[in-house]
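*Asks:* Here it is, the structure in full.
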Amino acid sequence: MQVDGISQQPAHGEKLAGQKGNFASRKNGGPYEDIDFRKLMQNGLARAKINLLYVGFFSFCASLLILSVPIYLFQISDRVLTSRSVDTLVMLTAIVIGLVLAHVLLDMFRRFMLMRVAVDVETRLGGPVLSAAARASHNGSSQEFQALSDLQQLRSFLTGSVLLTMMDAPVAPIYLLVVYMVHPQLGMIVTTTILLLLVLARINQRLTAVPFGKANAFSSRANLQAEAMARNAQVMNAMGMIPEGVIIWGKETAESLKAQILGQDRNVLISAVSKFIRLSTQITMLGWGAWLALSNEITGGMIIAASIIGGRALAPVEGIIDGWKSYVGAKNAYGRIQKLLHTSPLNVHRLRLPNPAGRLSVERLLFVPPPNKRVILNGISFQLSPGDSLAVVGASGSGKSTLGKMLVGSLIPTAGNVRLDMMDLRNWDSRQLGENIGYLPQDVQLFPGTIKENIARMNREAKDEDVFKAAQMADIHEMVSQFSQGYETQVAMDGAPLSGGQRQRIGLARAFYNNPRLLVLDEPNSNLDTIGEHALAEALGRAKQDGMTVIAITQRPALLRCVDKIMMLKDGTVAAFGSRDEVMPLIIGKRPGISQHQNAPGHNLPAAQPAE
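Plus 448 on top of the position in the sequence shown (first one is 1) and you've got my numbering.
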């Protein structure tokens, strides 16, 4: 149990190499732990549940101690005032003050514990949630990153008053029993009220579930629109698109607020009714208690004590109704986190194989993305040996970039296989596969940090010689040297102070980092000037000499002189495949409608198994 501090267990990915566990060595010397998100979540929540049991125990004790106040009032009214004993008054007062102090300390202690439980949960699950969200959003959507907000919402619930109210609920039967001990008729009044409040709670759940669900859905869509506006701020400013973006965001936000107001109105209405019932119950208890006192069945002190204790018995139910929105939000957030972690592709352990040589085999790839079901790639098959270089050409929309994403495992084919050294990419250890793949996407995005950190793929333990080697392979050392701070130059979120071509060249160095065996470059010269294109050609030559398998997706003829083979795509199929000398005349002659080359490697491969 952690009470006076946050758990000191290393966060995900920070364990030492000598510790026991399921480890695999990184090529760059830094150990890392295989990810089992299901186990991580179970361990994190198991620890939280244990601490919550302690919090529940302290809540139970604190709730019992608060009984001292109505009992004190009962003793003052029925004993001290009748006996006029000062000693009894002083003794009772001292005892009750001590009990109240103990109650306050226990309440403070449980709040401290809940704060540390919440921080511990976020500390343990933050890294896995971010990793799983990044993996799940490989198709370009950022919706999965909502799980980070869900984790913060869960933390807020753990430290809020609603959870404390729920933890006070188990003491309500004891309060009710005490009221029955005062008089059964007063106990029946409280019991009836509790049943009414439970019915109201159920009605509140049914009336608010749909509006709150719609509010969350519209809010998520509005947030996605805001993120899209942030990513495309320059375009929106340049072409005056901000009003249209605001209109779309405002429409989604308005629908969210409309649904939220509807749900909140219903919740407030039910809360008002429950409050009226509780206050009416206390008045009824006072009035009925007075009638019982007139009949000499109870005393005046018993009336006051029963009224206070009855109110304490009703408070948890009323508090749950008031905080129902917070509870539903936390429950939904927990469900989304659980679904993300349990279904993450990284949740499966893979055998760490010998590092690949770079032999690539593509077998009858088919890609039909939902929901439009339009075929993007159909029957793509070819093979490359280590050291081969291939240029993929074709018109816009022919599927070139989609193929590139599949070759590095960013997209999963609907059917077919991409194999690296005979092993399907999905069966490689994900971290090992990433270490042996260099990828330059069409839209190069750098991370906030130094040029060195971006080249090293944000690995702050990277060796300087490995970073320098990647810079030399990409022929950017001279370019980086021109910056006043060299490799320590800070790069902002938008890539400043780098130009588009400089970002692309640093992205190329990042692809070369760690000496990968498979290099996939999507339009690597789209932002390059003559000097940059010459440096790119030199880099491809060095990659070939180093035995890398290189695939360059390009529209520019200049890059075709740097490769051994060319594949032409048309409408998602292979229109031509062969050596550079064989395919170049077809490209220069612009002969459309060429059927798939019959000698393309992999043409006679057996049908691929559908992707799971």
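Ideal Cβ positions, reconstructed from N, Cα and C, are used throughout, including at glycine.
1. Is L441 helix, strand or coil by DSSP?
2. Measure the CB-CB distance between V503 and M561 and report whether it falls below 7 Å.
3. Our contact map puts S507 next to D616 with C-beta atoms below 8 Å; I'd like the distance itself, whole angstroms only.
4. For the alpha helix (DSSP H) that Q1003 lies in, which residues bound it at each end?
5. When you compare only the Cα positions, how much space is there between R1061 and W772?
6. Less than 8 Å between the CB atoms is what I'm expecting for I828 and L851, so what's the real figure, rounded?
7. Check this for me: beta carbons of A778 and L599, under 7 Å apart or not?
8. Helix, strand or coil: which one does DSSP assign to N865?
9. For L578, collect the residues of the same chain with a Cβ closer than 7 Å to its Cβ; drop the 5 residues on either side in sequence, then sort them by chain order.
10. With C-beta atoms as the reference, is L521 less than 7 Å away from I752?
11. Would you check if the distance between the CB atom of D770 and the CB atom of Q890 is smaller than 7 Å?
12. In this structure, how does DSSP classify G453 when only helix, strand and coil are distinguished?
13. Using the C-alpha atoms, what's the distance from L500 back to L868?
14. When you compare only the Cα positions, how much space is there between Q933 and I899?
15. Pop quiz: L1017 and G882 are said to be a contact at Cβ under 8 Å. What is the actual Cβ separation, rounded to whole angstroms?
16. With a cut-off of 8 Å, do at least 3 Cβ pairs link the segment 939–946 to the segment 979–990?
17. Which residues bound the alpha helix (DSSP H) around L625?
18. Starting from the Cα of G635, find the closest Cα among I725, A761, L873 and V1031 and give me that residue.
19. Short of 7 Å in beta carbon distance, which residues of its chain neighbour N715, apart from the five on each side in sequence? Order them along the chain.
20. What would DSSP say about I885, mapped onto helix, strand or coil?
21. How long is the line joining the alpha carbons of L801 and Q880, rounded to whole angstroms?
22. Tell me which residue opens and which closes the alpha helix (DSSP H) that L606 is part of.
23. By how many angstroms is the C-alpha of F830 removed from the C-alpha of P1049?
24. Applying the criterion that 16 or more other CB atoms from any shown protein chain within 10 Å of the CB defines a buried residue, is R951 buried or exposed?
25. How about V567 and A496: do their beta carbons lie closer than 7 Å?
26. Please return the same chain residues whose Cβ sits closer than 6 Å to the Cβ of G955, not counting the five positions on each side in sequence.
27. Considering only their Cβ atoms, is the gap separating A663 from Q708 smaller than 7 Å?
28. Check this for me: beta carbons of L984 and N975, under 7 Å apart or not?
29. Which ranges does the alpha helix (DSSP H) cover as unbroken runs of at least 4 residues, wholly within the segment 804–886, from first to last along the chain?
30. Give, in chain order, every unbroken run of the alpha helix (DSSP H) that is at least 4 residues long and sits entirely within the segment 668–742.
31. Mind checking which residues open and close the beta strand (DSSP E) that includes L1017?
32. Tell me the rounded alpha-carbon separation between R822 and P861.
33. Secondary structure at T536, three-state DSSP: helix, strand or coil?
34. In the DSSP output, which residue or residues are listed as bridge partners for T1021?
35. For G574, which beta-bridge partners are listed by DSSP?
36. Tell me where the alpha helix (DSSP H) around N780 begins and ends.
*Replies:* Looking at the coordinates:
1. In the structure displayed, the chain extends from 449 to 1060; residue 441 sits before or after that span and is not available.
2. Yes, the Cβ-Cβ distance between V503 and M561 is below 7 Å.
3. The distance from the Cβ of S507 to that of D616 is about 6 Å, consistent with a contact at the 8 Å cut-off.
4. From DSSP, Q1003 is part of no alpha helix (DSSP H); its letter is neither H nor E.
5. With the chain running from 449 to 1060 in the structure shown, residue 1061 is simply not present.
6. With a Cβ gap of about 6 Å, I828 and L851 count as contacting.
7. No Cβ-Cβ contact shorter than 7 Å links A778 with L599.
8. In the three-state DSSP reduction, N865 falls in the strand class (E or B).
9. Excluding positions up to five away in sequence, the list reads L596.
10. Going by C-beta atoms, L521 is nearer than 7 Å to I752.
11. When the beta-carbon positions are compared, D770 and Q890 stay at least 7 Å from each other.
12. Residue confidence for G453 is low, a pLDDT of 40 falling below 50, so the modelled location carries little weight and cannot support an answer.
13. So the alpha carbons of these two residues sit roughly 48 Å apart.
14. Rounded to whole angstroms, Q933 to I899 spans 10 Å at the Cα level.
15. About 26 Å separates the two Cβ atoms, so there is no contact after all.
16. The segment 979–990 and the segment 939–946 do not touch, with fewer than three beta-carbon pairs separated by less than 8 Å.
17. Counted as a single uninterrupted DSSP element, the alpha helix (DSSP H) harbouring L625 occupies residues A620 to V630.
18. The option with the nearest alpha carbon to G635 is A761.
19. Contacts found: N652, T656, W772 and K773.
20. Annotated three-state conformation of I885 is strand, per DSSP.
21. L801 and Q880: Cα-Cα distance of roughly 8 Å.
22. DSSP places L606 in the uninterrupted alpha helix (DSSP H) bounded by Q594 to L606.
23. Bear in mind that the predicted position of P1049 carries a pLDDT of just 40, short of 50, making it too unreliable to give a figure here.
24. Label assigned to R951: buried.
25. In this structure, A496 does not lie closer than 7 Å to V567 by Cβ.
26. Closer than 6 Å at Cβ, skipping near neighbours: L888 and V892.
27. Yes, the Cβ-Cβ distance between Q708 and A663 is below 7 Å.
28. No, they are not a contact pair.
29. Uninterrupted alpha helix (DSSP H) stretches at least 4 residues long and entirely within the segment 804–886 occur at 848–855 and 878–883, given in chain order.
30. If only complete runs of 4 or more residues are kept, the segment 668–742 shows the alpha helix (DSSP H) at 681–686 and 690–742, in order along the chain.
31. For L1017, the uninterrupted beta strand (DSSP E) segment begins and ends at K1013 to K1018.
32. Approximately 13 Å, taken between the alpha carbons.
33. Helix at T536.
34. Bridge partners of T1021: K1018.
35. Its beta-bridge partners do not exist; DSSP assigns none.
36. W772 to H790 is the span of the alpha helix (DSSP H), which, as asked, contains N780.
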